[in-house]
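S.K.: Number 620 in our numbering belongs to position 41 of the sequence shown; there are no gaps in the numbering. Sending over a structure as structure tokens; questions will come in a sec.
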Amino acid sequence: MPQSHPRESHDREPRGRVAVVTGAGRGIGAATARRLARDGLAVAVVDLDAGEARRTADAIAADGGRAAALGADVTDAELVEAAVARITGELGAPTVLVNNAGIIRDDLLFRMSEADWDAVVGVHLKGAFLMTRAVQKHMVEAGFGRIVNLSSTSALGNRGQANYAAAKAGVQGFTKTLAIELGRFGVTANAVAPGLVATDMTRATARRLGMSWDDFAARSVEDIPVGRPGAPEDIANAVSFFVGEAAGYVSGQVLYVAGGPTV
Numbered sequence: 580m581p582q583s584h585p586r587e588s589h590d591r592e593p594r595g596r597v598a599v600v601t602g603a604g605r606g607i608g609a610a611t612a613r614r615l616a617r618d619g620l621a622v623a624v625v626d627l628d629a630g631e632a633r634r635t636a637d638a639i640a641a642d643g644g645r646a647a648a649l650g651a652d653v654t655d656a657e658l659v660e661a662a663v664a665r666i667t668g669e670l671g672a673p674t675v676l677v678n679n680a681g682i683i684r685d686d687l688l689f690r691m692s693e694a695d696w697d698a699v700v701g702v703h704l705k706g707a708f709l710m711t712r713a714v715q716k717h718m719v720e721a722g723f724g725r726i727v728n729l730s731s732t733s734a735l736g737n738r739g740q741a742n743y744a745a746a747k748a749g750v751q752g753f754t755k756t757l758a759i760e761l762g763r764f765g766v767t768a769n770a771v772a773p774g775l776v777a778t779d780m781t782r783a784t785a786r787r788l789g790m791s792w793d794d795f796a797a798r799s800v801e802d803i804p805v806g807r808p809g810a811p812e813d814i815a816n817a818v819s820f821f822v823g824e825a826a827g828y829v830s831g832q833v834l835y836v837a838g839g840p841t842v
């Protein structure tokens, strides 16, 4: 039997849609939430730290956008379901999801604890799974959806990040599977894999290595063709593309936003 065509409507504008961005209290998540709000979406700002989520939501409101702030642990299934129910009640059914929440617990393999392995894999992979499972039903019902998962160049391997690299590689496999399963319902799934970006997380990496951020960045940019670290807004711009109407025929892809080729 011929496959049915996706029910995605191509004449609908982003304005009025509802996006969920996890880990949106600061860094890449906050920049993404603000960018999607400028694109015309209402944004649910989800973060483990409710205060940071509120600061991002307030910034969106100050810019004339519409946002709600929620404190939630994305690794807790009950809290995720409750958060999505609240988002639906306050803003409307979400049809855009950006799985950005993440942590690092860097160490060499022989020193890495089970707790640090479980924590990193849990937030990046289980968190993305739980959020996507909770939101996809609204996308399927609407016949439209955009899922963007944050991976990393570390998915290709990085010393001292066995847990993080494994999780980010897993995110890519998860993304491609979502694209296969959900495409017939008008839902696309893509991943953005940042290289070096100036965030609190990368500053923590510099400290772990016993370096100042300036020295760490200076050494790192020697291998970046464009000659600078990325900014959170660089990643937000890529997410914005995948969320938009123009990306309706792009799914299951991993876009490395790293200032040059990665392999």
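Beta carbons: idealized from backbone N, C-alpha and C, even for Gly.
Pull up the distance between the alpha-carbon of residue 628 and that of residue 704, whole angstroms please.
M.R.: The residue labelled residue 628 in the question sits at position 49 within the sequence shown. The residue labelled residue 704 in the question sits at position 125 within the sequence shown. Between residue 628 and residue 704, the C-alpha separation is close to 19 angstroms.
S.K.: Put residue 595 into one of helix, strand or coil per three-state DSSP.
M.R.: Here the question's residue 595 lines up with position 16 in the sequence shown. Correct three-state label for residue 595: coil.
S.K.: Taking the straight line between their C-alpha atoms, what separation do you get for residue 800 and residue 806?
M.R.: The sequence position of residue 800 within the sequence shown is 221, counting from 1. The sequence position of residue 806 within the sequence shown is 227, counting from 1. Taking the straight line joining both Cα atoms gives about 5 angstroms.
S.K.: Roughly how many angstroms lie between the CA atoms of residue 809 and residue 699, to the nearest whole one?
M.R.: Here residue 809 corresponds to residue number 230 of the sequence shown, with the count starting at 1. Here residue 699 corresponds to residue number 120 of the sequence shown, with the count starting at 1. Approximately 23 angstroms, taken between the alpha carbons.
S.K.: So is residue 756 buried or exposed if we call it buried at 16+ other beta carbons inside 10 Å?
M.R.: Translated into the one-based positions of the sequence shown, residue 756 becomes position 177. When all chains shown are included, residue 756 counts as exposed.
S.K.: Kindly indicate which residue of 813, 839, 771, 836 has the alpha-carbon position closest to the one of residue 830.
M.R.: Translated into positions along the sequence shown, residue 830 becomes position 251. Comparing Cα-Cα distances from residue 830 to each of 813, 839, 771, 836, the minimum goes to 771.
S.K.: For the alpha helix (DSSP H) holding residue 709, just list the boundary residues, first then last.
M.R.: On the sequence shown, position 130 is the one that residue 709 refers to. Here the alpha helix (DSSP H) through residue 709 covers 706-721.
S.K.: What residue does the beta strand (DSSP E) around residue 834 start on, and which one ends it?
M.R.: By one-based count along the sequence shown, residue 834 stands at place 255. 833-836 is the extent of the beta strand (DSSP E) around residue 834.
S.K.: Tell me the DSSP secondary structure of residue 685 in three-state form.
M.R.: Your numbering for residue 685 matches position 106 in the sequence shown. Coil.
S.K.: Of the residues 715, 689, 613, which one's Cα is nearest the Cα of residue 813?
M.R.: The count along the sequence shown starts at 1 and reaches residue 813 at position 234. Residue 813 has its Cα closest to that of 613, out of 715, 689, 613.
S.K.: Please report how far the alpha carbon of residue 715 lies from the alpha carbon of residue 609, in whole angstroms.
M.R.: For the purposes of this step, residue 715 is identified with residue 136 of the sequence shown, where counting begins at 1. For the purposes of this step, residue 609 is identified with residue 30 of the sequence shown, where counting begins at 1. Near 22 angstroms, if we compare the C-alpha coordinates of residue 609 and residue 715.
S.K.: Are the beta-carbon atoms belonging to residue 722 and residue 765 less than 7 angstroms from one another?
M.R.: Looking up residue 722 in the sequence shown gives position 143. Looking up residue 765 in the sequence shown gives position 186. Cβ atoms of residue 722 and residue 765: closer than 7 angstroms.
S.K.: Does DSSP classify residue 803 as helix, strand or coil?
M.R.: Here residue 803 refers to the residue found at position 224 when the sequence shown is read from its first residue. Reduced to three states, the DSSP call for residue 803 is coil.
S.K.: Check whether the segment 680-689 touches the segment 637-645, taking contact to mean three or more Cβ pairs, one atom from each stretch, closer than 8 angstroms.
M.R.: The segment 680-689 vs the segment 637-645: no contact.
S.K.: When you compare the CB positions of residue 821 and residue 742, do they come within less than 7 angstroms of one another, or not?
M.R.: The residue labelled residue 821 in the question sits at position 242 within the sequence shown. The residue labelled residue 742 in the question sits at position 163 within the sequence shown. Taking 7 angstroms as the Cβ cut-off, residue 821 and residue 742 do not qualify as a contacting pair.
S.K.: Tell me which residues share the same chain as residue 664 and place their Cβ nearer than 7 angstroms to its Cβ, disregarding the 5 neighbours each side in the sequence.
M.R.: Here residue 664 refers to the residue found at position 85 when the sequence shown is read from its first residue. Excluding residues within five positions, none has a Cβ falling inside 7 angstroms.
S.K.: Residues in its own chain within less than 6 angstroms of residue 795 by CB, not counting five upstream and five downstream?
M.R.: Here residue 795 corresponds to residue number 216 of the sequence shown, with the count starting at 1. Answer for residue 795: 785, listed in chain order.
S.K.: Which whole-angstrom value describes the C-beta separation of residue 599 and residue 654, a residue pair presumed to lie in contact below a C-beta threshold of 8 angstroms?
M.R.: Translated into positions along the sequence shown, residue 599 becomes position 20. Translated into positions along the sequence shown, residue 654 becomes position 75. That pair is no contact at about 16 angstroms.
S.K.: Are the beta-carbon atoms belonging to residue 648 and residue 661 less than 7 angstroms from one another?
M.R.: By one-based count along the sequence shown, residue 648 stands at place 69. By one-based count along the sequence shown, residue 661 stands at place 82. The answer is no: Cβ separation not under 7 angstroms.
S.K.: Since I believe residue 621 is in contact with residue 645 (beta carbons under 8 angstroms), could you give me their beta-carbon distance rounded to a whole number of angstroms?
M.R.: Residue 645 sits at position 66 when you count from the first residue of the sequence shown. Residue 621 sits at position 42 when you count from the first residue of the sequence shown. With 8 angstroms as the limit, residue 645 and residue 621 qualify as a contact, their Cβ atoms being about 4 angstroms apart.
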